[in-house]
Amino acid sequence: MISNAEEFIAQLADKHGRKRESLLPILQDVVDQYYYLDESYMVNIARELDISTADVYGTASFYSFLGINEQGKHVIRVCQTIVCDMKRKEDIIDAITELLGIRPGETTHDGKFSLFYTNCLGSCHKGPAMLINDELYGDLTPEKTKDILVSYMKR
Amino acid sequence: MATQLKRTELIFREDIDYSALMRKIMKMGKEKFIEELIDSGLRGRGGAGFPTGLKWKIVKEYPDPIKYIICNADEGEPGTFKDREILDKASEKVIWGMALASYITGAKEGFIYIRAEYKYLKTKLRIAIDRMEHNIKSLGINFKLDLIFGAGAYVCGEETALIESMEGFRGEPTNKPPYPVNEGYLGRPTVVNNVETFVNAMIIADIGAEEYKKLGTKASQGSKLFSVSGDCCKEGVFELEMGMTVQQFVDEFGDGDTKAVQVGGASGFCVPRKEFKNTIIGFEGVPTGGSMKVFNSSRSMYNILENYLIFFEEESCGQCTPCRVGTQQLLHGIRAVKRKEKPKTYLDELLRLAYTMKYASKCGLGRSVGNAFTSIIENFREEIVY
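Keeping their order, the protein sequence lines are chains A and B.
Numbering that gives the first Met the number 0 applies: residue 0 is where the first sequence begins, and numbers increase by one.
Numbering that gives the first Met the number 0 applies: residue 0 is where the second sequence begins, and numbers increase by one.
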C-alpha cells in the first residue's frame, strides 16, 4: 500500500510539477485517491517537493476539504449555515445517524462513510443541502436522504 | 402581488457572438474600451466595489511582460449562490469576459479559482474553456485559461488569501499594499475579479456604457444578481436593477410576515422592519455581494446571530489576534448572556469588541464580523438577552 502511494505521489509530482504552487493540486489528488492525508503521504509529498513535512501538514490542515484524520470513502457534508439550519438540517443529520449510526465528525466502522457539518454550500434556496464527495443534493427530506445514502452503499 | 421591481435580463442572455464582439473591441482599441469601462461606473461585484475599469487600467499600464487574470469563484458568503448560477448557466460569458481582460491588460494566462464545493461544475467549465481557447486563437490572441479548485476555506475569497492559496500556501490574507494589481500571483501584476464582474464587462462591451448607465442609480450602476433565500414566497437567483429599497424587495419576495432582512450575507447588515422603507440596496445604502436572506417573525434572532458567529469562528484564518480571539469571544459572550452568566450590559462590552475588530483586523473577514453583530444587537437586543 505504502510503496504504491509513494509511486502515486511521484507520478502526481511529475504531472503537477515540483514547485510550491503544485502542493495543493497534489494534496487534492491524494485525497481523491486515498480519502484522507495519512502522515506517511505527507512525508512523501514533502520529500518530492523538497519542503518540510511540517509545512505540508500546516498547509493541509488549513483546508477543511483536505482531511488529515482518517476519513471514509464517501464523505457526507451537511450544510449547517443559517438557511439550511432554519430548514431543519438537524432532521437530515438524524436520518443519517439512524441509517449509518454515525454523528457529525465520525466514520462508519467499515470505513465507507464519514459525516461532517460544513459551512454554506451555496444552495440556500434548495435547503437543506448536503454534499457527498463532489455531488450536491438539495431539497432534502429524511426519506430522500436515506434513499440517496442507500444508493451510495452499493458503490 | 404585482411586481414593482424593475427586472433586467442581461446576465443570462446567451445570444451573443463572442468572437464578433471581441473583434469589435479590438477595432475600438484598448484605450477606448478602458475609457468606456470607467465611464460605465462598473464596480466589482464581489462586494468591495472597486472600480473595474481602473483596476484593468493599472494592470495594463504596469510594465511587466508577465501578468495574470484571475476569476474569483470562491463564493462562500452565507446565502450567496449567484456565481454558481452564472458559472452554470452563462459559463461562456465569464470565460470570454476573462479573455477580454487578457486582451486589454496584455495578460497571457488566467485562472478560475473555484471553491471545492462547486467541483460538480468542472466538466462543463472545461468544455467552455477549450472552446474559448480555440476561438480566440483565430483572432490572434494568445490566452491560456486553467481551473484551480479551492479546498474549503471561506477566507480564500479575499483576494490576497486566494493568491496565497494558489501559490500553495495556507490561505492567509497578506498586508495591502502591495495590491494584487502591482504584485499579485507569483509577484506579477494580477487582475482579480468576481465572476459577475467579468460578465458585466462583457455586457458593457456589448451594449456600451451609455445603455448600461441607464440601469440602476448613480452610485450603483447596472443590474445585479441577487441570491434570495429564507422565509420567502420565492427563492432563487434574480437579476434586478440596483437602487431599490428593502421594502420594495420584501413586497416582492417576503412571505408577508418579514421581520428582518440580512443584506450581504453573514458579513453584511441586518435590516429590521422599521428600516425597510428608507434603506436602499446598493453602495449608497446597504452594499451587497448579492445575498438576501429573509427572516419572518417565527425566527429567533439569537439563533441567527449565533449561527453567524459559529461560521466566523470556524472560518477565521487565525493569523491576527483581533479576528481569531474576537470571533471566539463574541460567540462565548452572547451564549453567556443568554445563559444569564453575564449581565445584559455585557452586550455593550461585546459591541466595543466588535468595533475594535472592525479597525484592528487584518482583512475584510474580521472587519466585517461587526456589521452583522452590531446591527442585530442594536435592533434585537431583547431577543439576544431573553
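All residues carry an ideal CB built from backbone N, CA and C; glycine is no exception.
Whole-angstrom C-beta distance between residue j and residue i, which should lie under 8 Å
i, j, result
"Thr216 of chain B", "Gly186 of chain B", "39 Å between Cβ atoms; not a contact."
"Lys223 of chain B", "Gly267 of chain B", "Rounded, the Cβ-Cβ distance is 14 Å, inconsistent with contact."
"Ala152 of chain B", "Ser113 of chain A", "At roughly 19 Å, the Cβ-Cβ gap does not stay under 8 Å, so Ala152 of chain B and Ser113 of chain A are not in contact."
"Lys81 of chain B", "Glu240 of chain B", "Not confirmed; about 15 Å, so no contact."
"Met201 of chain B", "Lys92 of chain B", "5 Å"
Contact with chain B by residue i, beta-carbon distance below 7 Å
i, result
"Thr106 of chain A", "no"
"Cys119 of chain A", "yes"
"Glu47 of chain A", "no"
"Leu65 of chain A", "yes"
"Leu135 of chain A", "yes"
"Phe112 of chain A", "no"
Interface partners of residue i on chain A, CB under 7 Å
i, result
"Asn71 of chain B", "By Cβ distance, chain A contributes nothing, its closest Cβ being about 14 Å from Asn71 of chain B, past 7 Å."
"Arg298 of chain B", "Met85"
"Glu313 of chain B", "Asn118"
Spatial distance of residue i from residue j (CA atoms)
i, j, result
"Ala98 of chain B", "Ile135 of chain B", "8 Å"
"Asp54 of chain A", "Phe310 of chain B", "26 Å"
"Leu352 of chain B", "Gly46 of chain B", "24 Å"
"Gly263 of chain B", "Thr79 of chain B", "8 Å"
"Asn378 of chain B", "Val260 of chain B", "12 Å"
"Ala1 of chain B", "Glu251 of chain B", "Unreliable placement is indicated for Ala1 of chain B, whose pLDDT of 39 sits below 50; no coordinate value is reported for it."
"Lys143 of chain B", "Ser60 of chain A", "31 Å"
"Lys66 of chain B", "Ile162 of chain B", "13 Å"
"Tyr116 of chain A", "Asp13 of chain A", "35 Å"
"Lys343 of chain B", "Ile10 of chain B", "47 Å"
"Arg114 of chain B", "Asp31 of chain A", "16 Å"
Residue i CB to nearest heavy atom of the ligand MG below 6 Å
i, result
"Ser360 of chain B", "By its list of ligands, the structure shown contains no ligand whatsoever, and the ligand MG lies outside what it can speak to."
Span of the beta strand (DSSP E) around residue i
i, result
"Ser228 of chain B", "222-229"
"Tyr136 of chain A", "134-136"
"Tyr116 of chain A", "112-117"
"Phe11 of chain B", "Run containing Phe11 of chain B: none; DSSP gives neither H nor E here."
Cross-chain neighbours of residue i in chain B, by beta carbon under 8 Å
i, result
"Val82 of chain A", "Pro77, Gly78, Ser228, Gly229, Lys292"
"Met124 of chain A", "Checking the sequence, you will find His at residue 124 of chain A rather than Met. Going along chain B in sequence order, the residues near His124 of chain A (Cβ under 8 Å) are Phe80, Ser226, Val227, Ser228, Glu234, Gly235, Val236."
"Thr58 of chain A", "Gly167, Phe168, Arg169"
"Ser21 of chain A", "Gly167"
"Tyr130 of chain A", "Before going further, note that residue 130 of chain A is Leu rather than Tyr in the sequence given. Result: Glu116."
Per-residue contacts from residue i into chain B (C-beta, under 7 Å)
i, result
"Gln27 of chain A", "Phe148, Ala150"
"Ser150 of chain A", "Residues of chain B passing the Cβ test: none, with the nearest at roughly 16 Å."
"Met41 of chain A", "Result: empty, since nearest Cβ-Cβ is about 14 Å, beyond 7 Å."
Proximity test, Cβ basis, 7 Å: residue i and chain A
i, result
"Asn306 of chain B", "yes"
"Gly255 of chain B", "no"
"Phe310 of chain B", "yes"
"Lys66 of chain B", "no"
"Glu74 of chain B", "yes"
"Arg125 of chain B", "no"
"Tyr119 of chain B", "yes"
"Arg272 of chain B", "no"
"Arg402 of chain B", "Because chain B here runs from 0 to 385, residue 402 of chain B falls outside it and cannot be looked at."
"Ile303 of chain B", "yes"
Boundaries (first-last residue) of the alpha helix (DSSP H) holding residue i
i, result
"Cys322 of chain B", "320-337"
"Ala160 of chain B", "158-165"
"Thr216 of chain B", "That residue, Thr216 of chain B, is in no alpha helix (DSSP H); it is neither H nor E in DSSP."
"Asp87 of chain B", "81-88"
"Phe32 of chain B", "29-39"
"Thr122 of chain B", "121-136"
Listed by chain order, chain A residues near residue i by CB distance under 9 Å
i, result
"Tyr153 of chain B", "Asn118, Cys119"
Amino acids of chain B, ordered along the chain, whose beta-carbon sits closer than 9 Å to that of residue i
i, result
"Tyr62 of chain A", "Ala115, Gly149, Ala150, Gly151, Ala152, Cys155, Ser164, Arg169, Gly170"
Within chain A, partners of residue i - CB distance below 8 Å
i, result
"Glu182 of chain B", "Going along chain A, no residue has its Cβ under 8 Å from Glu182 of chain B, so there is no contact; the nearest lies around 16 Å."
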